[in-house]
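Enquirer: So the sequence shown is residues 164 to 760, counted in my numbering. Backbone N, C-alpha and C define an ideal beta-carbon position, used for all residues, glycine too.
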Amino acid sequence: MTDTQLLKLPAPAARYGTLAGALIAFAGTFLSWTYTEEFPGNLTVNGYPGGLQLITLTGALLTALLALAALGTPGLRWLTPGGPHSAVRLMALGTLAATLYTVIAIAVELDGLIALDPGAWISLVGSLVAVAAAFGLPDDTPYDPQPGDTALARLTHTLKAPAPRAPSRTLPAWADILLIAVAFGLALYVFTYGIDIDSANSELFVGYLVLVALGALSLARAGLFRRLATLTARHRSVSLAAMFVAAICFPFTQDNDTYALIGTNILIFATVALGLNVVVGLAGLLDLGYVAFLGVGAYTAALVSGSPQSSIGVHFPFPLAVLTGAAVSLVFGVVIGAPTLRLRGDYLAIVTLGFGEIFRITMNNLNGNSGPDLVNGSQGVPNIPDLELFGFKFGEAHDVLGLSLGRSGNYFLLMLLFTAIVLLVFHRSGQSRIGRAWVAIREDETAASAMGINGFRLKLLAFALGATLAGLAGTVQAHVNYSVTPEQYQFAGTAPPNSAFLIAAVILGGMGTITGPLIGAALLFLIPEKLEFMQKYQLLLFGLALILLMRLRPEGIVPDRRKQLEFHENDQLAVPEQRLTGENAPEAATGVTKAGA
Numbered sequence: 164m165t166d167t168q169l170l171k172l173p174a175p176a177a178r179y180g181t182l183a184g185a186l187i188a189f190a191g192t193f194l195s196w197t198y199t200e201e202f203p204g205n206l207t208v209n210g211y212p213g214g215l216q217l218i219t220l221t222g223a224l225l226t227a228l229l230a231l232a233a234l235g236t237p238g239l240r241w242l243t244p245g246g247p248h249s250a251v252r253l254m255a256l257g258t259l260a261a262t263l264y265t266v267i268a269i270a271v272e273l274d275g276l277i278a279l280d281p282g283a284w285i286s287l288v289g290s291l292v293a294v295a296a297a298f299g300l301p302d303d304t305p306y307d308p309q310p311g312d313t314a315l316a317r318l319t320h321t322l323k324a325p326a327p328r329a330p331s332r333t334l335p336a337w338a339d340i341l342l343i344a345v346a347f348g349l350a351l352y353v354f355t356y357g358i359d360i361d362s363a364n365s366e367l368f369v370g371y372l373v374l375v376a377l378g379a380l381s382l383a384r385a386g387l388f389r390r391l392a393t394l395t396a397r398h399r400s401v402s403l404a405a406m407f408v409a410a411i412c413f414p415f416t417q418d419n420d421t422y423a424l425i426g427t428n429i430l431i432f433a434t435v436a437l438g439l440n441v442v443v444g445l446a447g448l449l450d451l452g453y454v455a456f457l458g459v460g461a462y463t464a465a466l467v468s469g470s471p472q473s474s475i476g477v478h479f480p481f482p483l484a485v486l487t488g489a490a491v492s493l494v495f496g497v498v499i500g501a502p503t504l505r506l507r508g509d510y511l512a513i514v515t516l517g518f519g520e521i522f523r524i525t526m527n528n529l530n531g532n533s534g535p536d537l538v539n540g541s542q543g544v545p546n547i548p549d550l551e552l553f554g555f556k557f558g559e560a561h562d563v564l565g566l567s568l569g570r571s572g573n574y575f576l577l578m579l580l581f582t583a584i585v586l587l588v589f590h591r592s593g594q595s596r597i598g599r600a601w602v603a604i605r606e607d608e609t610a611a612s613a614m615g616i617n618g619f620r621l622k623l624l625a626f627a628l629g630a631t632l633a634g635l636a637g638t639v640q641a642h643v644n645y646s647v648t649p650e651q652y653q654f655a656g657t658a659p660p661n662s663a664f665l666i667a668a669v670i671l672g673g674m675g676t677i678t679g680p681l682i683g684a685a686l687l688f689l690i691p692e693k694l695e696f697m698q699k700y701q702l703l704l705f706g707l708a709l710i711l712l713m714r715l716r717p718e719g720i721v722p723d724r725r726k727q728l729e730f731h732e733n734d735q736l737a738v739p740e741q742r743l744t745g746e747n748a749p750e751a752a753t754g755v756t757k758a759g760a
């Protein structure tokens with residue numbers, strides 16, 4: 164066993180060097196970084212950090228805290244129950260990346276390094292010192308060199324951490340609950356900060372993404388996320404309540420209805436991704452035309468919700484419209500699934516892709532010329548009225564406990580209710596006998612059939628359930644957008660939801676998990692929304708991101724243990740022992756019954 168330190172420094176010197184570098188970077192944020200206000204965020208004020216300076220300030224502060232924890236400072240060791248040194252390295256890298264990006268952005272936009280004031284140089288030097296010293300820290304895990312190991316392999320090893328140690332004492336229940344509440348409160352703050360960044364200030368959003376990505380990885384290496392997972396598993400009901408309370412608070416934090424609308428669309432996208440997760444993640448059926456079921460639900464709601472352009476001319480109450488949209492989507496799921504689900508693999512993917520395109524083309528042709536005038540062709544069904552449910556008008560602003568709730572906030576809370584329903588359905592389905600049978604079919608359909616599982620019937624059930632859940636989301640989407648058009652439901656486009664982005668959200672987040680598609684959907688919707696310069700190159704960057712993801716983390720952001728073992732079977736340190744509970748339970752189950760036989 165050897166050490167892979169890039170700089171041979173005594174451990175205390177490396178720790179103090181990291182701390183000193185972080186403090187220097189922190190101090191630099193209180194000085195001017197440029198002479199002009201032309202750069203977004205106004206980085207010209209001494210003593211008052213703004214814009215990207217706040218990103219560097221946050222990274223430097225977290226680096227300093229982790230360095231103090233590595234020094235064994237009383238009261239801070241709880242920050243690193245896993246690997247303190249790998250966590251410090253990653254956080255220092257995040258601070259350096261954000262600072263270096265800011266320096267480059269200023270130089271590019273303001274025509275040269277001469278536009279930089281001393282504060283920027285001080286923070287850059289401090290973050291460089293912190294990174295250099297951090298890579299002089301000893302490894303958290305022993306390194307066993309193998310013939311042919313590259314420098315990249317050794318560098319990657321320095322960022323690994325062991326499983327977090329068990330807590331020295333068990334906290335009282337009230338302390339656990341307080342920690343859970345604080346964690347969800349911080350998550351709400353981080354999400355709200357990102358969504359509130361103006362789309363015109365793409366520089367700030369890129370810096371935010373860089374620090375959040377490396378910071379989250381750092382905290383994961385420190386063992387905090389796994390410690391939090393233990394707490395949430397111990398207090399599952401409290402954790403669910405805290406999660407939904409944090410989500411309910413989101414629209415009340417927004418003073419701009421546009422940002423609340425982004426949150427609503429993220430929930431719609433995430434809910435549809437959860438429905439697709441039943442089909443792809445649990446049953447293993449690659450559906451490339453899934454967005455069509457969202458369109459079926461949306462068109463059904465548009466036709467029965469009182470739009471003046473509806474060819475039916477009826478106005479159902481919203482609960483009945485929801486049931487109608489879900490039922491029609493269910494019927495389409497069964498009709499499409501019955502003849503196609505006897506196919507497997509690539510053949511099934513091709514057929515479902517064809518269905519998605521057939522739906523879009525058919526809606527375009529139902530215009531009175533190429534076919535019956537049912538949905539106004541490419542013009543779609545416009546002027547869908549706002550909802551009114553039990554006297555509550557969703558199209559109007561309301562005051563709740565002195566806080567204003569606009570139209571988008573109203574629909575956000577409604578969509579949150581639908582998301583909760585879909586989460587419950589997914590969770591209960593995954594833990595049922597049918598869910599375990601789906602997993603068996605996903606892993607090996609031939610073996611599952613030999614065990615008495617009726618593969619076709621259960622695949623059809625998964626397909627129909629996924630279609631129904633997408634239809635539910637579509638009924639709300641129709642009212643949120645005021646109109647429904649065929650071009651909203653493509654296989655691939657410049658903005659979600661479309662089938663390609665939905666599949667990517669499931670894979671990026673983690674197939675078969677509950678929280679994975681929610682995170683994947685939020686990222687894939689929010690990033691294109693905030694980075695306007697990506698519009699021309701969105702699909703190119705999207706493809707590159709998928710390639711990198713499949714290469715570096717094929718199991719997704721929130722993997723289950725089965726996927727980790729599948730993709731990292733030769734890397735035991737990457738998959739520490741853990742108890743399979745909660746959302747990993749369906750994949751962990753070994754007993755399969757004759758469900759659906």
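Do G675 and V602 come within 9 Å of each other at the CB atom, strictly closer than that value?
Expert: yes
Enquirer: Taking the beta strand (DSSP E) that H478 falls in, what are its first and last residues?
Expert: From DSSP, H478 is part of no beta strand (DSSP E); its letter is neither H nor E.
Enquirer: As an exercise, report each continuous alpha helix (DSSP H) stretch of at least 4 residues that is fully enclosed by the segment 523-570, in chain order.
Expert: none
Enquirer: How many whole angstroms separate the CB atoms of L273 and T199, which I take to be in contact at a CB cut-off of 8 Å?
Expert: 7 Å
Enquirer: Excluding five sequence neighbours on each side, which residues of the same chain lie with their C-beta closer than 6 Å to the C-beta of F415?
Expert: For F415, the CB contacts under 6 Å within the same chain, skipping 5 residues up- and downstream, are L566 in chain order.
Enquirer: Between which two residues does the alpha helix (DSSP H) harbouring A655 extend?
Expert: From DSSP, A655 is part of no alpha helix (DSSP H); its letter is neither H nor E.
Enquirer: Quickly, what does DSSP pair V647 with across the bridge? List them, please.
Expert: DSSP, once it has assigned bridges, lists V544 as partnering V647.
Enquirer: Could you give the first and the last residue of the continuous alpha helix (DSSP H) run that contains E718?
Expert: First-last for E718: undefined, no H or E at that position.
Enquirer: Just confirm the distance between the C-beta atoms of A489 and L635, as a whole number of angstroms; I'd bet it's less than 8 Å.
Expert: 5 Å
Enquirer: Where does S362 fall in DSSP's three states?
Expert: coil
Enquirer: Thinking just about the alpha-carbon of each residue, which of L550, G452 and A436 is nearest to the one in I521?
Expert: G452
Enquirer: Ignore the nearest five residues each way along the sequence and tell me which others in T427's own chain have a CB closer than 7 Å to its CB.
Expert: S571, Y574, F575, M578 and V643
Enquirer: Less than 8 Å between the CB atoms is what I'm expecting for S381 and G235, so what's the real figure, rounded?
Expert: At roughly 19 Å, the Cβ-Cβ gap does not stay under 8 Å, so S381 and G235 are not in contact.
Enquirer: With H, G and I counted as helix, E and B as strand and the rest as coil, what does DSSP make of L448?
Expert: coil
Enquirer: Note down, in chain order, each residue of its chain lying with its Cβ closer than 8 Å to the Cβ of Q735, except the 5 sequence neighbours on either side.
Expert: Caution is warranted here: a pLDDT of 41 is assigned to Q735, below 50, making its placement in the model unreliable, and no coordinate value can be reported.
Enquirer: Should I343 go down as buried or exposed, given a rule of 16 or more other Cβ atoms within 10 Å for buried?
Expert: buried
Enquirer: Looking at Q653: is its Cβ nearer than 9 Å to the Cβ of G519?
Expert: yes
Enquirer: Hey, quick one: how far does the alpha helix (DSSP H) through S662 stretch, first residue to last?
Expert: S662 to G672
Enquirer: Using only CA atoms, which one of V514, G348 and G508 lies nearest to G500?
Expert: Checking every option, the nearest Cα to that of G500 belongs to V514.
Enquirer: Counting pairs of Cβ atoms below 8 Å between the segment 467-484 and the segment 621-633, do you hit three or more?
Expert: no
Enquirer: Whose C-beta lies closer than 8 Å to the C-beta of G213 among residues of the same chain, with five residues either side of it excluded?
Expert: G204, N205 and L206
Enquirer: Report yes if the C-beta distance between L377 and G299 is below 9 Å; otherwise report no.
Expert: no
Enquirer: Assess contact between the segment 557-565 and the segment 393-411, defined as three or more Cβ pairs (one per stretch) separated by less than 8 Å. Is contact present?
Expert: no
Enquirer: Please state whether DSSP places S470 in a helix, a strand or coil.
Expert: S470: coil per DSSP, three-state reduction.
Enquirer: Measuring CB atoms only, is the segment 538-549 touching the segment 594-612, in the sense that at least three cross pairs come out at less than 8 Å?
Expert: Too few Cβ pairs lie closer than 8 Å, so no.
Enquirer: Which same chain residues, not among the five before or five after D536, have their C-beta less than 8 Å away from its C-beta?
Expert: S474, L529 and N530
Enquirer: If I'm right that I187 touches V294 with Cβ under 8 Å, what's the distance once you round it to whole angstroms?
Expert: The Cβ separation is near 12 Å, so there is no contact.
Enquirer: Quick one: grab the DSSP three-state call for T192.
Expert: Collapsing the DSSP output to three states places T192 in coil.
Enquirer: What separation, rounded to the nearest whole angstrom, lies between the Cα atoms of A223 and A392?
Expert: 26 Å
Enquirer: Helix, strand or coil for L387 per DSSP?
Expert: Under the three-state reduction of DSSP output, L387 falls in the helix class.
Enquirer: So, at 6 Å on beta carbons, what are the nonlocal neighbours of G496 in its own chain, with the 5 sequence-adjacent residues on each side left out?
Expert: F626, A627 and A630
Enquirer: Looking at the unbroken alpha helix (DSSP H) that takes in S612, where does it start and where does it end?
Expert: E608 to A613
Enquirer: Per DSSP, L279 forms a beta bridge with which residues?
Expert: T197
Enquirer: Beta-carbon separation of P691 and V454 under 9 Å?
Expert: Taking the C-beta atoms as reference points, V454 is found no nearer than 9 Å to P691.
Enquirer: Where do the N-terminal and C-terminal ends of the alpha helix (DSSP H) with D420 fall, by residue?
Expert: D420 to N440
Enquirer: In whole angstroms, give me the CA-to-CA distance for T355 and F189.
Expert: 23 Å
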